[in-house]
Amino acid sequence: MNTRLIRLFAVFTLLAMGGARAAAPDGESLYQQHCAACHGSDGSGGVGIPLNLPDFLAVASDDYLRNTLRNGRLGRVMPAFPMLSEAQVDAIIHTIRGWSDQPAPRYNDKPVQGDAGHGRQLFTQHCVACHGEHGQGGAGTGVTFSRPREAPIMAPALNNPGFQRSVSDAMLKATLLRGRRGTPMPSIKALGLSERDADDLVAWLRQLPPDERPARTNEEPIIRMESPYSFEETLDNLKKAITARNFRVIREQTLNNGFVDPGKEDRRQYIVYFCSFSFLNEALSIDPRVGLFLPCRVTLQETENGIELVTINPENLSHLFNNSELDKACARMHRLYVEILEEATL
Amino acid sequence: MKLLRSGLVMLLLVASWSSGAQDLYMVRSQMAFPETMIALQKAIREQGYVLSRVQRVDIGLKKSGFKTDRYRVVFFGKPEQIEQYSKRYRDLVPYLPLKIAIFAEGDETLVLASSFQHLRPYFTQPELERQFDAWETDIQRILEQVRLSE
Numbered sequence: 000m001n002t003r004l005i006r007l008f009a010v011f012t013l014l015a016m017g018g019a020r021a022a023a024p025d026g027e028s029l030y031q032q033h034c035a036a037c038h039g040s041d042g043s044g045g046v047g048i049p050l051n052l053p054d055f056l057a058v059a060s061d062d063y064l065r066n067t068l069r070n071g072r073l074g075r076v077m078p079a080f081p082m083l084s085e086a087q088v089d090a091i092i093h094t095i096r097g098w099s100d101q102p103a104p105r106y107n108d109k110p111v112q113g114d115a116g117h118g119r120q121l122f123t124q125h126c127v128a129c130h131g132e133h134g135q136g137g138a139g140t141g142v143t144f145s146r147p148r149e150a151p152i153m154a155p156a157l158n159n160p161g162f163q164r165s166v167s168d169a170m171l172k173a174t175l176l177r178g179r180r181g182t183p184m185p186s187i188k189a190l191g192l193s194e195r196d197a198d199d200l201v202a203w204l205r206q207l208p209p210d211e212r213p214a215r216t217n218e219e220p221i222i223r224m225e226s227p228y229s230f231e232e233t234l235d236n237l238k239k240a241i242t243a244r245n246f247r248v249i250r251e252q253t254l255n256n257g258f259v260d261p262g263k264e265d266r267r268q269y270i271v272y273f274c275s276f277s278f279l280n281e282a283l284s285i286d287p288r289v290g291l292f293l294p295c296r297v298t299l300q301e302t303e304n305g306i307e308l309v310t311i312n313p314e315n316l317s318h319l320f321n322n323s324e325l326d327k328a329c330a331r332m333h334r335l336y337v338e339i340l341e342e343a344t345l
Numbered sequence: 000m001k002l003l004r005s006g007l008v009m010l011l012l013v014a015s016w017s018s019g020a021q022d023l024y025m026v027r028s029q030m031a032f033p034e035t036m037i038a039l040q041k042a043i044r045e046q047g048y049v050l051s052r053v054q055r056v057d058i059g060l061k062k063s064g065f066k067t068d069r070y071r072v073v074f075f076g077k078p079e080q081i082e083q084y085s086k087r088y089r090d091l092v093p094y095l096p097l098k099i100a101i102f103a104e105g106d107e108t109l110v111l112a113s114s115f116q117h118l119r120p121y122f123t124q125p126e127l128e129r130q131f132d133a134w135e136t137d138i139q140r141i142l143e144q145v146r147l148s149e
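Note that the protein sequences, when read in sequence, are chains A and B. Per numbering that gives the first Met the number 0: the first sequence = residues 0 to 345. Per numbering that gives the first Met the number 0: the second sequence = residues 0 to 149.
Below, the structure is given as structure tokens:
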């Protein structure tokens with residue numbers, strides 16, 4: 000118990016100091032703190048892809064690891080870590096290296112020369128099925144065990160600026176030649192391709208235009224609509240609007256339910272939870288973290304100004320997750336909420 | 000006026016994103032789901048909060064082929080805070096009570112919560128800013144305690 004408290008205290012002290020001046024940072028605990036939630040306690044993956052595979056560590060240079068950590072991958076879940084000090088980053092890299100007995104590879108910066116046109120043909124033929132037509136990567140996240148997926152590991156986005164800025168031509172080439180055993184990623188030699196073909200593929204990969212990301216706008220945190228009807232009528236309308244869209248009301252409660260004695264609950268702030276199989280399914284397979292905002296919920300409240308319906312605005316939330324695919328789903332969810340609220344208050 | 004306000008909000012948003020402030024907190028517990036759930040509820044109480052409800056998010060997941068149906072959202076708060084803020088800030092209501100999600104991943108368990116970064120540009124009342132700070136600190140403490148539980 001005591002040691003646990005001390006550990007907890009130590010972590011907080013580190014946090015408080017920003018770790019910047021801490022002597023000899025502990026890579027293992029930094030990894031557990033910042034990376035393990037997604038990449039697994041031992042690097043075997045989760046919401047993130049595996050980091051402990053021998054074929055990955057054999058081709059990943061320290062520069063690549065460092066750059067990836069600093070740049071993150073915008074729109075692909077992997078966050079950037081600008082707040083870690085150089086020493087902390089080095090310590091994390093050291094921990095990751097510890098999973099393999101192979102030395103860190105080093106690459107020169109020489110650009111690989113190849114025929115991008117031919118590379119494009121090869122890419123269409125051999126890579127698009129997993130990495131997508133524009134190299135935008137597979138759907139879903141990492142390797143999480145928590146949900147079904149077509150491929151056991153999501154194919155990364157190759158057109159992602161965070162990846163492109165982190166990887167050297169030489170490392171790209173080495174990755175293609177080697178493949179990654181234990182993942183769906185083949186060695187191009189197994190596909191019958193030559194080293195020359197690898198050069199051509201690298202030349203094409205370097206030309207992939209980045210995904211167009213919609214600029215982040217200032218979405219209000221909530222959606223609100225006033226109702227001209229009475230409280231009970233609005234509640235009734237709301238439930239009808241929900242079921243009309245094939246959602247099921249799964250629970251109704253007052254906002255202060257569980258916080259006050261049952262007799263003292265305030266019915267003028269009233270929550271309706273609803274969901275559907277397919278909706279839940281789709282949302283969690285895009286990103287298992289999004290369950291934090293599920294099931295769907297509308298709150299009915301009586302204020303000085305009358306009756307109103309309020310919900311979270313999914314478009315405001317989507318930015319929390321750094322997942323472009325989820326952004327699209329959140330835009331759909333936004334429309335759904337608006338439709339339901341409109342119908343209930345029309 | 001509206002333009003000025005959106006401009007300001009944008010500025011604040013950009014500032015909060017570029018500061019490297021974390022939007023989501025997620026930790027991995029090496030314990031299985033039931034043990035982690037116990038540790039989580041304990042940590043929430045030890046930070047001085049009341050646990051109001053555990054909501055299932057996993058209805059029918061296993062039937063649809065998911066390997067786990069262990070997904071819950073734990074709601075909590077301090078009664079007087081819920082009372083006060085839900086009446087004083089009607090726009091905050093959809094975000095109350097506070098919540099932490101917990102789901103199984105193989106033999107381990109993931110626990111996550113959201114920071115208030117995404118709300119800060121819209122709720123600039125000093126009282127709320129301080130409350131957001133306090134909630135963020137408490138939530139991080141709760142998660143850290145769960146992560147280190149064994």
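We put the beta carbon where it would ideally sit given N, CA and C, even for glycine.
Pick from the options that is closest to residue i, judged by C-alpha positions
i	options	result
residue 200(A)	110(A), 243(A), 139(A)	110(A)
residue 80(B)	149(B), 134(B), 24(B)	134(B)
residue 63(A)	328(A), 37(A), 104(A), 221(A)	104(A)
residue 74(B)	175(A), 255(A), 25(A), 43(A)	255(A)
residue 227(A)	44(A), 344(A), 67(A)	344(A)
residue 90(B)	324(A), 238(A), 311(A)	311(A)
residue 163(A)	210(A), 302(A), 54(A)	210(A)
residue 182(A)	44(A), 102(A), 225(A)	44(A)
residue 161(A)	67(A), 80(A), 317(A)	67(A)
residue 97(B)	70(B), 148(B), 43(B), 124(B)	43(B)
residue 102(B)	87(B), 36(B), 21(B), 130(B)	36(B)
residue 124(A)	190(A), 50(A), 336(A)	190(A)
residue 301(A)	73(A), 268(A), 24(A)	268(A)
residue 266(A)	253(A), 198(A), 257(A)	253(A)
residue 53(A)	81(A), 100(A), 243(A), 283(A)	100(A)
Test item: CB-CB of residue i and residue j under 8 Å
i	j	result
residue 133(A)	residue 204(A)	no
residue 280(A)	residue 219(A)	no
residue 92(B)	residue 26(B)	no
residue 117(A)	residue 157(A)	no
residue 140(A)	residue 313(A)	no
residue 355(A)	residue 225(A)	As shown, chain A starts at 0 and ends at 345. That puts residue 355(A) outside it, with no answer to give.
residue 136(A)	residue 155(A)	yes
residue 194(A)	residue 94(A)	no
residue 121(A)	residue 192(A)	yes
residue 65(A)	residue 159(A)	no
Residue i versus residue j - alpha carbon distance
i	j	result
residue 18(A)	residue 275(A)	Bear in mind that the predicted position of residue 18(A) carries a pLDDT of just 43, short of 50, making it unreliable; the figure below should be weighed with that in mind. Those two C-alpha atoms are separated by around 45 Å.
residue 77(B)	residue 272(A)	22 Å
residue 20(A)	residue 84(A)	Caution is warranted here: a pLDDT of 46 is assigned to residue 20(A), below 50, making its placement in the model unreliable, and no coordinate value can be reported.
residue 91(A)	residue 196(A)	35 Å
residue 176(A)	residue 48(A)	20 Å
residue 72(B)	residue 53(B)	6 Å
residue 45(B)	residue 259(A)	19 Å
residue 105(B)	residue 309(A)	36 Å
residue 338(A)	residue 100(B)	27 Å
residue 37(A)	residue 143(A)	9 Å
residue 114(A)	residue 127(B)	58 Å
residue 262(A)	residue 51(B)	15 Å
residue 112(B)	residue 75(A)	19 Å
residue 325(A)	residue 285(A)	6 Å
residue 238(A)	residue 229(A)	14 Å
residue 270(A)	residue 34(A)	36 Å
residue 95(B)	residue 38(B)	22 Å
residue 15(B)	residue 70(A)	Note that residue 15(B) scores 40 on pLDDT, short of 50, meaning its location in the model is unreliable; the coordinates nonetheless yield the value given after this. Taking the straight line from one Cα to the other gives about 17 Å.
residue 34(B)	residue 108(B)	9 Å
residue 331(A)	residue 83(B)	33 Å
residue 172(A)	residue 128(A)	20 Å
residue 244(A)	residue 56(B)	19 Å
residue 118(B)	residue 130(B)	12 Å
residue 153(B)	residue 124(B)	Since the first and last residues shown for chain B are 0 and 149, residue 153(B) lies out of range.
residue 106(A)	residue 291(A)	42 Å
residue 24(A)	residue 167(A)	28 Å
Assumed close pair residue i, residue j - CB separation to whole angstroms, cut-off 8 Å
i	j	result
residue 40(A)	residue 29(B)	6 Å
residue 299(A)	residue 234(A)	6 Å
residue 170(A)	residue 317(A)	Rounded, the Cβ-Cβ distance is 32 Å, inconsistent with contact.
residue 29(A)	residue 87(A)	6 Å
residue 114(B)	residue 21(B)	6 Å
(request) Give, in chain order, every unbroken run of the alpha helix (DSSP H) that is at least 4 residues long and sits entirely within the stretch 195 to 278 of chain A. (result) 230 to 243
(request) Kindly provide the ranges of any alpha helix (DSSP H) runs that are 4 or more residues long and lie completely inside the stretch 25 to 55 of chain A, ordered along the chain. (result) DSSP assignment within the stretch 25 to 55 of chain A yields the following whole alpha helix (DSSP H) runs of 4 residues or more, N-terminal first: 26 to 33, 35 to 38.
(request) Run through the stretch 84 to 128 of chain B for me and flag every whole beta strand (DSSP E) of 3 or more residues, listed as ranges in chain order. (result) Whole beta strand (DSSP E) segments, 3+ residues: 97 to 104, 107 to 113.
(request) Report the residue ranges of all alpha helix (DSSP H) runs contained in full by the stretch 290 to 328 of chain A; include only those spanning at least 4 residues, in chain order. (result) The stretch 290 to 328 of chain A contains these whole alpha helix (DSSP H) runs: 313 to 316.
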